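Residue numbers (the numbering used here): 2 to 204.
Encoded structure:
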């Protein structure tokens, strides 16, 4: 079965991203998973307790790393996925430091695998600069980043603290369709590239 990791890019206890994250996990992912045989693994960076990146050699150039168990678990979980969905807010026109730090621990575990980005905020701009700032970071690791960022604004106007749509929410129907299409898209490309992996010209 094709596996897609859904990664929440914020570790704040009161992050509004948790509303969106729960909505994806409880309401949207089951629709796609059952029909299209996609396994979505929902990941919060707090599960790994990663320190600030400290290795002397960049992971992309270090084939013989020795990591602590929690660090290795992060690497293994990303290695085992066929695709990625990053859910990120915008911090000062970029991504949160915790998300960048977690990505810095990666080498080429995601090479030639697809990634889709969702950005979010509690206003109409929907964290768009955070989503755009994440693209080159992922591209540096040879992850195939899908070009259009899914933007979700006014989160608290549409989703409650448990991740359910608020009754008569202004953008409920629009965001529901948008997120279904987003998970369908990353599922499609994850399955496509898993079944048709890129090979170098000389292989």
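Beta carbons: idealized from backbone N, C-alpha and C, even for Gly. Remember, predicted model here, so these are calculated numbers, not experimental data.
Measuring alpha carbon to alpha carbon, tell me which residue in 32, 98, 68 is nearest residue 13. 98
N-terminal and C-terminal residue of the beta strand (DSSP E) that residue 114 is part of: Residue 114 -> no beta strand (DSSP E), and no H or E assigned at all.
So, helix, strand or coil for residue 108, using DSSP? coil
Would you call the CB atoms of residue 152 and residue 177 closer than 8 angstroms? no
Rounded to whole angstroms, what is the Cα-Cα separation between residue 58 and residue 102? 15 angstroms
So residue 85 is in the beta strand (DSSP E); what residue range does that whole segment cover? 84–89
Kindly indicate the opening and closing residues of the alpha helix (DSSP H) around residue 58. Note, residue 58: premise wrong, no alpha helix (DSSP H); not H, not E.
Can you grab the Cα-Cα spacing for the pair residue 108 / residue 66, in whole Å? 10 angstroms
Cutoff 7 angstroms; reference residue 163; Cβ partners in own chain excluding five residues on either side: 23
Can you say whether residue 2 is buried or exposed, counting buried as having 16 or more other CB atoms within 10 angstroms of its CB? exposed
Per-residue burial, residue 204 [other beta carbons within 10 Å of its own, 16 or more giving buried]: exposed
Going by CA-CA distance only, name the one from 60, 174, 171, 90 that's closest to residue 76. 60
Could you say if the segment 183–196 and the segment 36–49 meet the contact criterion of at least three C-beta pairs nearer than 8 angstroms? yes
Could you tell me the distance, in whole angstroms, from the CA atom of residue 87 to the CA atom of residue 202? 30 angstroms
Close Cβ partners of residue 81 (< 7 angstroms) along its chain, the five nearest in sequence each way excluded: 4
Is the segment 43–51 close to the segment 113–127, with three or more CB pairs under 8 angstroms? no
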